[in-house]
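Our numbering applies: residue 66 is where the sequence shown begins, and numbers increase by one.
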Amino acid sequence: MTEFSSTEAEPAVPNDKRFSHEGATTAPIQKSAKKRLRLRPSTFWSVRQGIPTWLKILMPIIGISVPLIAWSILSYGGFVKDIFLPAPTTVISTGIELFTEDELIKDIVASASRVLGGFALAGLVSVPIGLLMGTFESIASLLNPFVSAVRYMPVAAFVPLIVIWAGIDETAKFLIVFLGIVLYNIAMIVDAVRAIPDELLNAAYTLGSNRLVLLFKVIFPAALPSIMNTMRVNIAGAWNFLILAELIAAEQGLGFRIIRSQRYLQTDRVLFCILIIGLIGLLTDFLLKQLGMFLTPWYEQGER
């Protein structure tokens, strides 16, 4: 007798046909997902690519115009009192008065000399220390605990000590600016040195370079563009510490004038001095950028 199995035999259907219904259901989902993820080409949202010249000109104009328009609406429209936010024309007329009657140019010279003096001293100290710490692990192990700890200490806490150590003359003001940025310079320069590819160093060793040649002929030129960018970033910090520096028995300076104007609620003078500091900062940034282009002609223009 013929015995029949309790389970029915599966029909011999090719695998591609048996599972074709699954492909039919997933294919539209995959197509719709591709449609959702597909983005149209965009000049405005291009990632790390250039933009047209007209857009380069238009965007800064918009970026400056929007805050000015908002300022004008709030002040001229009477939404904010003049004592809190004077009108742009009031600030400009006050600035003309400061230049013609109050000799504001002397304050600008005094503040700029303090910032540049402290900044130059910080650069002279931070560049060699940062290069040594980034190049030699022994120097990094020696100095990193001190640099890392002091970097988080507020400079304002050192003001009483600075007055005791350096008095209340210009030396104290230079020292405050110096302490405010030197440790940040060191940390950023160390990172710049350590970002140099090992292949570059190995190639120099292969060509017969010793440690001194490697440091001065390979590492320093390779890190110099990043060092110049560090200077451009941290000089803004030097201007930030200017107000703190001119709290110490200053008789001239933009920070001193801001503090005195605040005392008498002269908001228009405060705003104009802040605008002057911003313009000086833009000029300084431009000059440092040009200096970097002169010192590092091998560096790609688009990476600055």
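Beta carbons are placed, not taken as given, at the ideal position from N, Cα and C, and that holds for glycine.
Given the structure is predicted, the values throughout are model-derived calculations rather than measurements.
- Taking C-beta separations shorter than 6 Å and ignoring five residues to either side along the sequence, the partners of P151 in its chain run T332 and D333, following chain order.
- If you compare the alpha carbons of F243, V224 and S191 with that of D256, the shortest gap goes to S191.
- Residue burial is scored here from C-beta neighbours: M218 has fewer than 16 other C-beta atoms within 10 angstroms and is therefore classed as exposed.
- Secondary structure note for T108: it is in no alpha helix (DSSP H), with a DSSP letter that is neither H nor E.
- Approximately 4 Å separates the beta-carbon atoms of A175 and Q317; this is inside 8 Å, confirming the contact.
- The DSSP assignment places complete alpha helix (DSSP H) segments of no fewer than 4 residues inside the stretch 137-185 at 153-166, in order along the chain.
- Nearest in C-alpha terms to L266, of all of F281, I254, M253 and A252, is F281.
- When the beta-carbon positions are compared, I173 and I341 come within less than 8 Å of each other.
- Taken through DSSP and simplified to helix, strand or coil, W363 comes out as coil.
- Taking all protein chains in view, the Cβ of M124 is surrounded by fewer than 16 other Cβ atoms within 10 Å, so the residue is classified as exposed.
- Residue environment: F321 is assigned as buried (16 or more neighbouring CB atoms within 10 Å of its CB, all protein chains considered).
- A straight-line Cα-Cα distance of about 26 Å links E264 and N250.
- Taking 8 Å as the cut-off, the Cβ atoms of I261 and G195 do not count as close.
- Between I227 and A214, the gap from beta carbon to beta carbon reaches 8 Å or more.
- The criterion of a C-beta distance shorter than 8 Å is not satisfied by L279 and V220.
- Cβ-Cβ separation between A303 and G183: approximately 6 Å, consistent with a contact (criterion under 8 Å).
- Assigned with DSSP and collapsed to three states, A315 falls in coil, not helix or strand.
- Looking at the backbone, the Cα of G273 and that of L348 are separated by about 43 Å.
- Residue V180 holds the alpha-carbon nearest to the alpha-carbon of G346 among R259, I233, S206 and V180.
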